[in-house]
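One rule links them: number in the working numbering = place in the sequence shown (from 1) + 17.
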Amino acid sequence: MKKIFFIITVIFYFLSCSQENSKVTDLEAKNDSLLRIINEKDASLNEFIEALEVVQINLEIIKEKESIIKMNDYNGENDATKSESVSNDMKLIFDLMEDNKATIAELEEQIRNNRAKFSKFEKVVLGLNRQISQKNTEINDLKKLLNQKDSDISDLNENIEVLKSNVDSLYSIQKEKSEVIVKQSKELNKAFYAYGTAKELKKQGIVNRRFYVLAKLKREFETDYFTQIDITKTKTIPLFCKKVKFLSKHPKGSYSFAKTKKVYDSLLIDDPNKFWASSKYLVLLVAQ
């Protein structure tokens with residue numbers, strides 16, 4: 018009888034232990050589930066807050082880029098490097114604005130789906146939405162300003178091209194005038210001379226007689242024998258003769274001779290303008 022009672026007692030003990038273990042297991046499972054829910058809740062809140070921070074950071078970057086673009090515009094810098102930089106900054110601004118709009122839309126949807134959980138962030142999201150809307154207006158104004166500047170630069174470039182064309186035309190006209198003046202100047206400064214014995218000059222068709230005393234300049238004389246000079250450069254004509262006389266007309270006082278006792282070395286033209294005023298053809302009759 019005692020043996021049977023002992024066996025029954027042992028059976029009840031093991032049954033009670035088994036029930037306790039089952040309760041503990043259930044409690045642990047419930048605890049794990051609660052922890053998982055809390056962790057998931059914390060994770061979603063953290064993601065929500067991180068998204069808000071990203072939007073705020075993007076707005077700060079946009080503000081900074083706007084300031085840089087306006088500063089470049091104020092300084093009037095429009096070289097290729099600056100234009101490329103402005104273009105890149107504007108692209109970054111548009112990309113960040115699109116990211117912000119998409120993020121805010123997601124946050125608003127989360128608030129609608131779980132107002133109890135995210136209601137405390139509703140005002141923050143509304144504030145960011147207002148900032149984005151205001152920033153969007155500012156960016157549109159900035160875009161208009163840049164477009165106007167590009168238009169002004171385009172007009173300025175057109176004006177520059179017109180001015181350049183006018184300058185080129187004026188330069189061409191001036192060049193033509195200068196060439197004409199140079200040509201006229203060369204013509205005005207052009208003169209010719211010939212000297213020789215009566216026999217030599219008669220042979221060349223310049224004088225009418227072969228004798229020193231009787232030789233006179235022809236009215237229509239040949240010019241092939243003459244030497245061309247520039248009256249501004251040629252002031253001395255070599256002679257090396259014993260006698261010399263002018264057959265062409267040139268004012269006294271405008272010239273002189275370099276000579277020794279027996280020889281006329283050269284003719285010196287002291288006043289070129291006066292000397293060549295009467296005739297641009299100088300003919301000297303010499304005798305050896």
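Built from N, CA and C at the ideal position, the CB exists for glycine as well. Predicted model, so just to flag it, every value in this text is computed and none were measured.
How big is the Cα-Cα spacing for Gln-245 and Ala-275?
22 Å
Distance check for Leu-173 and Lys-203, CA to CA, integer angstroms please.
43 Å
In whole angstroms, what is the alpha-carbon distance linking Pro-289 and Ser-271?
7 Å
Straight-line gap, Lys-216 to Tyr-298 (C-alpha atoms, nearest Å)
19 Å
Beta-ladder partner(s) of Val-261, from DSSP:
Val-303
What do you get for Thr-277, buried or exposed, if any count of 16 or more other CB atoms within 10 angstroms of its CB means buried?
exposed
Using a Cβ-Cβ cutoff of less than 6 Å, which residues in the same chain neighbour Phe-209 once the five nearest sequence positions on both sides are dropped?
Phe-243, Gln-245 and Tyr-298
Spatial neighbours of Gln-73 within its chain, please: CB distance less than 8 Å, with the 5 preceding and 5 following residues excluded, ordered by chain position.
Leu-145
Since Ile-79 sits in a beta bridge, which residues does DSSP pair it with?
Beta-bridge pairing links Ile-79 to no other residue.
For Pro-268, name the three-state secondary structure that DSSP assigns.
coil
Proximity below 8 Å, CB of Ile-78 to CB of Leu-113:
yes
Tell me whether the beta-carbon of Ile-110 lies closer than 8 Å to the beta-carbon of Ile-156.
yes
Looking at the structure shown, is Asp-247 part of a helix, part of a strand, or coil, going by DSSP?
strand
What residue does the beta strand (DSSP E) around Ala-294 start on, and which one ends it?
That residue, Ala-294, is in no beta strand (DSSP E); it is neither H nor E in DSSP.
In this structure, how does DSSP classify Phe-111 when only helix, strand and coil are distinguished?
helix
Proximity below 8 Å, CB of Val-142 to CB of Ile-128
yes
Runs of alpha helix (DSSP H) lying entirely within the stretch 105–173, each at least 4 residues, in chain order
132–135
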